[in-house]
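To keep things clear, I will list the structure first and then write my remarks on it.
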Amino acid sequence: MAVIDRVEVKKSIRRMFLMSGEVVVREYRISLGPNPRGHKVQEGDNRTPEGKYYLDFVMNDSAFYRSMHISYPNLRDRRRAEELGVSAGGNIKIHGLKNGYTKPVKFIQSFDWTNGCIAITNTEMDELITLVKIGTPIYIRW
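Quick note: the working numbering has the sequence shown finishing at residue 160, numbered continuously throughout.
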């Protein structure tokens, strides 16, 4: 299996790519928050941050199946929020489905439903955690 050297997210087409050099190793259909266009500015804006971050730890015990944390906010994000007098927020992750979810996966993939996180299926989340190492950069763009 190829070594994943970065994760790329293209919010406008609701896709996430696991990359090894210029080769797409895996492609996932993603769900975002209900206000996906633009960079996350403050807590509660339902946006997914844009820019370069890192996948910094895995959680197996949250309200969602499993998750991998994204290193938002970075220093620039914190400074911008401070200038605006707001909280930058945080706790942005790639995660599986909400624990106890019982509707068909195709249904939940058909719309944006997170609070700014990036959601994939539970099976895809298991695969992502297996393929992507902690510390891998993630590039999130519109």
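Built from N, CA and C at the ideal position, the CB exists for glycine as well.
Looking at C-alpha atoms only, which residue of L149, W131, I156 is the closest neighbour of L50?
Within the sequence shown, numbered from 1, the residue matching residue 50 stands at position 32. Of L149, W131, I156, the residue nearest in Cα terms is W131.
(Q) Taking only three categories from DSSP, how would you classify S128? (A) The sequence position of residue 128 within the sequence shown is 110, counting from 1. Three-state DSSP puts S128 in coil, outside helix and strand.
| said: Using the three-state DSSP reduction, which class does E61 fall into: helix, strand or coil? | reply: As a first step, residue 61 is located in the sequence shown; it is residue number 43 there, counting from the start. Here E61 sits in coil by DSSP.
Q) Would you call P91 buried or exposed, if buried means 16 or more other Cβ atoms sit within 10 Å of its Cβ? A) Reading the sequence shown from its first residue, position 73 is the one you call residue 91. Classification of P91: buried, given that the 10 Å Cβ count is 16 or more.
Candidates I48, G153, V21, E26, of which the one nearest R159 by Cα
As a working mapping, residue 159 is identified with position 141 in the sequence shown. For the residues I48, G153, V21, E26, the minimum Cα distance to R159 belongs to E26.
#### Entry: Proximity to E40 [Cα-Cα], best of R24, K29, M34, C135
Locating residue 40 in the sequence shown gives position 22, where the first residue counts as 1. When each option's Cα is compared against that of E40, the closest is R24.
message: Please state the DSSP three-state secondary structure of L146.
response: Taking the sequence shown and counting its residues from 1, the one referred to as residue 146 is at position 128. L146 carries a helical assignment under DSSP once its states are collapsed to helix, strand and coil.
Taking only heavy atoms of the ligand PLP into account, decide whether any of them is closer than 6 Å to the Cβ of K151. Although the ligand PLP was asked about, the structure shown includes no ligands whatsoever.
- Query: Can you give the Cα-Cα distance for G56 and G108, rounded to whole angstroms?
  - Reply: Here residue 56 is taken as the residue at index 38 of the sequence shown, counted from 1. Here residue 108 is taken as the residue at index 90 of the sequence shown, counted from 1. Near 16 Å, if we compare the C-alpha coordinates of G108 and G56.
Distance between beta carbons of M86 and K111, contact taken as under 8 Å: Residue numbering aside, residue 111 sits at position 93 when the sequence shown is read from its first letter. Residue numbering aside, residue 86 sits at position 68 when the sequence shown is read from its first letter. Confirmed, Cβ separation roughly 6 Å.
(request) Grab me the residues of T154's own chain with a C-beta within less than 8 Å of its C-beta, minus the 5 sequence neighbours each way, in chain order. (result) Start at 1 with the first residue of the sequence shown, and residue 154 comes out as number 136. Closer than 8 Å at Cβ, skipping near neighbours: I22, D23, R24, V25, Y72, L73.
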